[in-house]
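Residue numbers (our numbering): 1 to 318. Quick reminder that beta carbons are idealized off the backbone N, C-alpha and C, glycines included.
1) Thinking residue 85 and residue 96 are a contact (beta carbons under 8 Å), I'd like their distance in whole angstroms, please.
2) Check for me: the alpha helix (DSSP H) holding residue 45 runs from which residue to which?
3) So what's residue 215 in DSSP terms, helix, strand or just coil?
4) From the DSSP secondary-structure annotation, give me the bridge partner or partners of residue 42.
5) Taking just the CA atoms, how far does residue 272 sit from residue 303?
6) So, residue 268 versus residue 202, is the Cβ gap smaller than 7 Å?
7) Which parts of the region 197 to 266 are runs of the alpha helix (DSSP H), unbroken and 4 residues or longer, counting only runs that do not cross its ends?
8) Please state the DSSP three-state secondary structure of residue 281.
9) Can you give me the start and stop residues for the beta strand (DSSP E) that residue 76 sits inside?
10) Tell me which residues share the same chain as residue 180 and place their Cβ nearer than 6 Å to its Cβ, disregarding the 5 neighbours each side in the sequence.
11) Which term fits residue 101, buried or exposed, when burial requires 16 or more other beta carbons within 10 angstroms of its beta carbon?
12) Who are residue 143's beta bridge partners in DSSP?
13) Is it buried or exposed, residue 151, if we count other Cβ atoms within 10 angstroms and call 16 or more buried?
14) Can you give me the start and stop residues for the beta strand (DSSP E) that residue 101 sits inside?
15) In angstroms with no decimal places, state the Cα-to-Cα distance between residue 104 and residue 315.
16) Please confirm whether residue 248 and residue 239 have their CB atoms less than 7 Å apart.
17) Less than 8 Å between the CB atoms is what I'm expecting for residue 206 and residue 270, so what's the real figure, rounded?
18) How about residue 300 and residue 261: are their beta carbons less than 7 Å apart?
19) Could you give the residue range of the alpha helix (DSSP H) that holds residue 305?
20) Compare the C-beta of residue 148 against all C-beta atoms of chain B and say whether one is closer than 7 Å.
21) Buried or exposed for residue 59, please, with buried defined as at least 16 other CB atoms from any protein chain shown within 10 angstroms of its CB.
22) Check the DSSP bridge columns for residue 270 and list the partner residues they point to.
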């Protein structure tokens with residue numbers, strides 16, 4: 001009986017070692033083969049299935065839980081580490097664009113190299129989660145990494161199609177180093193103040209309408225209810241279809257903006273409360289529609305309302 005138990009234990013140990021070795025080998029192959037050029041801002045689940053060995057899949061999650069399921073081989077990204085604290089105009093701000101040094105360090109920890117082809121996924125079950133991914137996408141673009149795409153439909157669509165799921169992979173440390181900062185993608189508070197004054201730039205509020213109207217606001221980090229003067233409401237969830245899992249067609253997106261009187265070719269700045277939902281609007285305008293005159297205000301209502309210096313507009317009900 002002892003001999004049999006010992007043999008079973010040795011077999012289990014060997015099985016575990018083989019599993020660890022296979023996972024490590026997969027990660028090494030993944031990094032070695034990441035040389036494909038993606039070329040589009042959105043990729044389908046079928047495209048990813050055909051090219052998975054040539055990309056790094058980054059899965060942005062609000063909370064990473066033990067034994068969380070993701071696309072097999074994907075690296076889990078903690079949302080709390082995507083953004084950073086920053087001082088702007090003497091004000092301490094949160095949820096902002098990280099510095100180049102901070103961003104390099106984070107990407108390296110995820111196994112990203114300068115030649116990596118990256119597909120970003122999320123849980124895919126609604127705008128709030130999908131736009132976690134577009135924020136990381138925007139930051140990669142800002143720091144000069146073009147070989148990146150969003151997975152349309154995310155984990156939800158992948159799982160519904162019975163494609164392979166697994167636990168988060170761990171890749172060896174990457175060597176990513178940003179070589180540029182694309183400041184034309186970022187709107188600062190000063191830029192927004194000038195846009196309000198000149199009126200030559202459309203300000204697009206990506207939040208739900210009750211926040212735009214001033215009926216509700218995120219009191220923890222937004223200090224006044226309402227919207228930036230001149231801002232136009234375009235709730236980010238409107239641009240998703242199929243119960244919020246995939247993006248609307250390019251034509252539908254353009255038609256929605258047209259109906260709201262929002263340019264898709266001229267100067268524009270997206271904002272929300274913290275540059276989260278606004279990144280979705282930036283992605284839709286700049287990447288899907290190709291409007292290269294569009295920026296993201298990463299400080300958004302958090303920065304705009306801090307310090308009690310700037311005006312907000314709101315609808316007041318007696």
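Checking against the coordinates, here is how it stands:
1) 7 Å
2) 45 to 51
3) coil
4) 150
5) 11 Å
6) yes
7) 209 to 213 and 250 to 259
8) helix
9) 75 to 78
10) 144
11) exposed
12) Answer by DSSP bridge pairing: none, since residue 143 is not bridged.
13) buried
14) Where residue 101 is concerned, there is no enclosing beta strand (DSSP E), although the alpha helix (DSSP H) it sits in stretches over 100 to 109.
15) 43 Å
16) yes
17) 6 Å
18) no
19) 300 to 305
20) You won't find chain B in this structure, because it holds only one protein chain.
21) buried
22) 204 and 296
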